[in-house]
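No gaps in the numbering here: position 119 of the sequence shown is 119 in the UniProt record's numbering, and each next residue is one more.
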Amino acid sequence: NPCFFKGYQQACSAGAVSINHVDGTVTVSGDMRRNKLKPIATYCSETNPEIGMKAINELQCRENKIDPQHPLEERVAIEGCTKIVGTGDFDRCQEQVERILISPKYPLPANSEATSSGFESLGQVFKFVSTNAPMVVTGWAMVAAIRLLVKAGVLSSSFSGGSVELEKASKAFCAASVKVLKGIGPVLYLPDKFQEKLNSQNHDICKTLALNAALVAHMEAAEKGPVSISWEKGVKDEKGQQVAELGWQVGAILQQVLHVQLWSNVAYETGWTHNLSLE
Numbered sequence: 001n002p003c004f005f006k007g008y009q010q011a012c013s014a015g016a017v018s019i020n021h022v023d024g025t026v027t028v029s030g031d032m033r034r035n036k037l038k039p040i041a042t043y044c045s046e047t048n049p050e051i052g053m054k055a056i057n058e059l060q061c062r063e064n065k066i067d068p069q070h071p072l073e074e075r076v077a078i079e080g081c082t083k084i085v086g087t088g089d090f091d092r093c094q095e096q097v098e099r100i101l102i103s104p105k106y107p108l109p110a111n112s113e114a115t116s117s118g119f120e121s122l123g124q125v126f127k128f129v130s131t132n133a134p135m136v137v138t139g140w141a142m143v144a145a146i147r148l149l150v151k152a153g154v155l156s157s158s159f160s161g162g163s164v165e166l167e168k169a170s171k172a173f174c175a176a177s178v179k180v181l182k183g184i185g186p187v188l189y190l191p192d193k194f195q196e197k198l199n200s201q202n203h204d205i206c207k208t209l210a211l212n213a214a215l216v217a218h219m220e221a222a223e224k225g226p227v228s229i230s231w232e233k234g235v236k237d238e239k240g241q242q243v244a245e246l247g248w249q250v251g252a253i254l255q256q257v258l259h260v261q262l263w264s265n266v267a268y269e270t271g272w273t274h275n276l277s278l279e
């Protein structure tokens, strides 16, 4: 797997990962509820009317190597795999993220709303939608990935969102190897002596970096490019103090209040309960 660091190995499963902090042994949970493939595998079932009634949906599943006629255990299995070994090849990782997640040949299953609207992938969305407004990327994993590059010294603290700079830094960081050091445990090791403890949160961070890089590249390639791109987990006041967490809740509220007429009508019709519904 090019999105894992060199020296990293795990069993052939998309289950939740835990890493021994002494010897670096990787254990993958067999709990189906924590398997990352369960949502798509559950959708890709012959008992799902969306599969039986729409040929495009079955094609989506089979393109992602999931046979709707197989039982759930087989649909989450990684066919032909004996062990997952990290290679730390960021270029290859980015290519796979682009091909599978950003601009797939067929849209990922369960995304029927996007399919019916004509936007079948994130890549297509950026071809139709563009803006020169400042863009803020949020989400713990997306922000943490950028901050780790800065901490490692491969990305400038003044980074403003350029794809070339981000790809170069990500390539350098993802070339790190996993080493088990006596008294420390498993660490990510860069030649310039930077070390970071390897854990279940950062073992696949190169995939997140590739996703960040792909999104930035598509924003830049759009008809209009954002004047700036930043990564933030919270909303700050004039003094730079964080006053709230960023997330879908903030976006949902902004979407509502910016439609003044609709907001007024709903507020009038629901009365005092309108504020409670936002909370």
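Where is the CB? At the ideal position from N, CA and C, for every residue including glycine. Model, not experiment: these values are computed from the prediction.
First through last residue of the beta strand (DSSP E) which encompasses M135: Counting from 1 along the sequence shown, the entry for residue 135 is found at position 135. M135 to V137 is the extent of the beta strand (DSSP E) around M135.
Would you mind working out which of Y8, I100 and R147 sits nearest S160, comparing C-alpha positions? Working through the sequence shown from its first residue, we reach residue 160 at position 160. The residue with the shortest Cα to Cα distance from S160 is R147.
Length of the line joining the Cα atoms of S277 and Q255: On the sequence shown, residue 277 is found 277 positions in, with the first residue counted as 1. On the sequence shown, residue 255 is found 255 positions in, with the first residue counted as 1. Annotation note: pLDDT 48 at S277 (below 50); position unreliable, coordinate value reported separately. Using only the alpha carbons, I get a separation of about 15 Å.
Between which two residues does the alpha helix (DSSP H) carrying V28 extend? Your numbering for residue 28 matches position 28 in the sequence shown. V28 -> not in any alpha helix (DSSP H); beta strand (DSSP E) instead, spanning V26 to V28.
Work out the CA separation of E165 and W140 for me, nearest whole Å. Position 140 of the sequence shown holds residue 140. Position 165 of the sequence shown holds residue 165. C-alpha separation (whole angstroms): 21 Å.
Use the C-beta contact count for M219: other C-beta atoms within 10 angstroms, 16 or more gives buried, fewer gives exposed. By one-based count along the sequence shown, residue 219 stands at place 219. The residue is buried, with at least 16 neighbouring Cβ atoms inside 10 Å.
Straight-line gap, I229 to P71 (C-alpha atoms, nearest Å): Reading the sequence shown from its first residue, position 229 is the one you call residue 229. Reading the sequence shown from its first residue, position 71 is the one you call residue 71. Their backbone Cα atoms lie some 43 Å apart in a straight line.
Pick from E167, K224 and A152: whose alpha carbon is nearest that of F194? Locating residue 194 in the sequence shown gives position 194, where the first residue counts as 1. Per the Cα distances, A152.
Quick check on DSSP: helix, strand or coil for K171? The residue labelled residue 171 in the question sits at position 171 within the sequence shown. Three-state result, K171: helix.
Outcome for H259 when other beta-carbon atoms lying within 10 angstroms are tallied against a minimum of 16: Here the question's residue 259 lines up with position 259 in the sequence shown. Exposed.
What residue from M53, R99, T25 and A11 has the CA that sits closest to V178's CA? For this step, residue 178 is matched to residue 178 along the sequence shown. For the set M53, R99, T25 and A11, the Cα lying nearest the Cα of V178 is the one of T25.
When you compare only the Cα positions, how much space is there between S103 and F126? Translated into the one-based positions of the sequence shown, residue 103 becomes position 103. Translated into the one-based positions of the sequence shown, residue 126 becomes position 126. Near 10 Å, if we compare the C-alpha coordinates of F126 and S103.
Please classify I78 as buried or exposed, where buried requires at least 16 neighbouring CB atoms within 10 angstroms. If you number the sequence shown from 1, residue 78 lands on position 78. So I78 counts as exposed.
Would you identify the three-state DSSP class for Q9, choosing helix, strand or coil? Residue numbering aside, residue 9 sits at position 9 when the sequence shown is read from its first letter. Three-state DSSP puts Q9 in a strand.
Is DSSP giving S160 helix, strand or coil here? As a first step, residue 160 is located in the sequence shown; it is residue number 160 there, counting from the start. Looking at S160 - three-state DSSP - the assignment turns out to be coil, as it is neither helix nor strand.
Between the Cα of K38 and the Cα atoms of C61, T131, L215 and K224, which residue gives the shortest distance? Reading the sequence shown from its first residue, position 38 is the one you call residue 38. It is C61 whose Cα lies nearest to the Cα of K38.
With DSSP as the reference, identify every bridge partner of K239, one or two as the case may be. The count along the sequence shown starts at 1 and reaches residue 239 at position 239. Paired residue(s): none; K239 is not in a bridge.
Rounded separation between L122 and L101 - CA only: If you number the sequence shown from 1, residue 122 lands on position 122. If you number the sequence shown from 1, residue 101 lands on position 101. Computed Cα separation, rounded: 8 Å.
Are V136 and E232 touching if we call contact CB-CB under 7 Å? Position 136 of the sequence shown, counting from 1, holds the residue named residue 136. Position 232 of the sequence shown, counting from 1, holds the residue named residue 232. The answer is yes: Cβ separation under 7 Å.
How big is the Cα-Cα spacing for G30 and V257? Here residue 30 refers to the residue found at position 30 when the sequence shown is read from its first residue. Here residue 257 refers to the residue found at position 257 when the sequence shown is read from its first residue. When rounded, the separation of the alpha-carbon atoms in G30 and V257 is 44 Å.
Can you tell me which of the three DSSP states L198 falls into? Walking along the sequence shown from the start, residue 198 turns up at place 198. If DSSP states are grouped into helix, strand and coil, L198 belongs with coil.
For A14, which residues in the same chain have their Cβ closer than 8 Å to its Cβ, ignoring the five residues on either side in sequence? Counted from its first residue, the sequence shown places residue 14 at position 14. N35, K36, L37, V76 and I78.
Quick check on the burial criterion: 16 or more other C-beta atoms within 10 angstroms. Buried or exposed for N1? For the purposes of this step, residue 1 is taken as the residue at position 1 of the sequence shown. N1 is classed as buried because its beta carbon has at least 16 other beta carbons within 10 Å across all chains shown.
Extent of the continuous beta strand (DSSP E) to which K207 belongs: Residue 207 sits at position 207 when you count from the first residue of the sequence shown. Per DSSP, K207 belongs to no beta strand (DSSP E); it is in the alpha helix (DSSP H), I205 to A221.
Whose C-alpha, out of E95, K197 and I184, is nearest the C-alpha of C3? To locate residue 3, count along the sequence shown from 1; it is residue 3. When E95, K197 and I184 are compared, the shortest CA-CA separation from C3 is found for E95.
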